[in-house]
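Single-structure report; data block below.
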Amino acid sequence: MAGSALIVLARVDASQENFSVFGFRSRDLKRALRDVRWLSLGARPDGANLKVALEAECISADAARELTAAADVLRFLARILLADARTRRQMSPQAVALIEVILRNGEFIQNDQRVLFRFELAADALVAPPSSEAGRPSPGSAR
1060 MAGSALIVLA RVDASQENFS VFGFRSRDLK RALRDVRWLS LGARPDGANL KVALEAECIS
1120 ADAARELTAA ADVLRFLARI LLADARTRRQ MSPQAVALIE VILRNGEFIQ NDQRVLFRFE
1180 LAADALVAPP SSEAGRPSPG SAR
């Protein structure tokens, strides 16, 4: 996080009952996140790339290990979903490319009570989609 041009810090509310990540609910993830005290997000430019770090501070080293395991399961499930042609068709090519980059070069580092997820994005992954996609319906819109 040191040297980040952008830092976001959030206290985690352990009483959250209906927690989901992008609509996906997991008892294991919910249990693991219940033991998180703080989340911080940092991003900094590095040449043409952007380095991003998401860090969680847990109540114990065991809770940090549990969070790391739950996050690894989510990463595995994301890879399975991206392998499905129907799922890929529902997403923009830019979103698919961005998620693939994060899955490919992202790494989890667990150190005592902290879990760090970091990845690097190339400048082209951050470019807005071309205007030809402006008329394309979003995945949740009526057709």
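Per the working numbering, the sequence shown starts with residue 1060, numbered consecutively.
Every residue, glycine too, gets a C-beta built ideally from N, C-alpha and C.
Being a predicted model, the structure only gives us computed values, none of them experimental.
task: Could you tell me which uninterrupted beta strand (DSSP E) segments, each at least 3 residues in length, are contained entirely in the segment 1119-1179, listed from first to last along the chain?
output: DSSP runs (the beta strand (DSSP E)) wholly in the segment 1119-1179: 1166-1170.
task: List the whole-angstrom C-beta distance separating P1104 from A1064, where the pair is believed to meet the contact cut-off of C-beta under 8 angstroms.
output: Walking along the sequence shown from the start, residue 1104 turns up at place 45. Walking along the sequence shown from the start, residue 1064 turns up at place 5. So it is a contact: roughly 6 angstroms between Cβ atoms.
query: Taking contact to mean at least 3 C-beta pairs separated by less than 8 angstroms, is the segment 1158-1177 in contact with the segment 1128-1138?
result: Per the Cβ contact rule, the segment 1158-1177 is in contact with the segment 1128-1138 (3 or more Cβ pairs under 8 angstroms).
field: Between the CA atoms of S1151 and A1184 - distance to the nearest angstrom
entry: On the sequence shown, position 125 is the one that residue 1184 refers to. On the sequence shown, position 92 is the one that residue 1151 refers to. Those two C-alpha atoms are separated by around 12 angstroms.
- prompt: Going by the CB atoms, is the gap between W1097 and R1124 shorter than 7 angstroms?
  reply: The residue given as residue 1124 occupies position 65 in the sequence shown. The residue given as residue 1097 occupies position 38 in the sequence shown. At the C-beta level, R1124 and W1097 stay beyond 7 angstroms of one another.
query: Using DSSP with H/G/I as helix, E/B as strand and the rest coil, what is A1182?
result: Taking the sequence shown and counting its residues from 1, the one referred to as residue 1182 is at position 123. Residue state, collapsed to three classes: helix.
query: First and last residue of the beta strand (DSSP E) that includes A1112?
result: Position 53 of the sequence shown, counted from the start, is the residue given in the question as residue 1112. Under the DSSP assignment, A1112 falls in the beta strand (DSSP E) whose first and last residues are 1108-1117.
task: Taking S1119 as the reference, give the member of L1068, V1095, I1168, L1141 with the closest Cα.
output: On the sequence shown, residue 1119 is found 60 positions in, with the first residue counted as 1. Looking from the CA of S1119, the closest CA among L1068, V1095, I1168, L1141 belongs to V1095.
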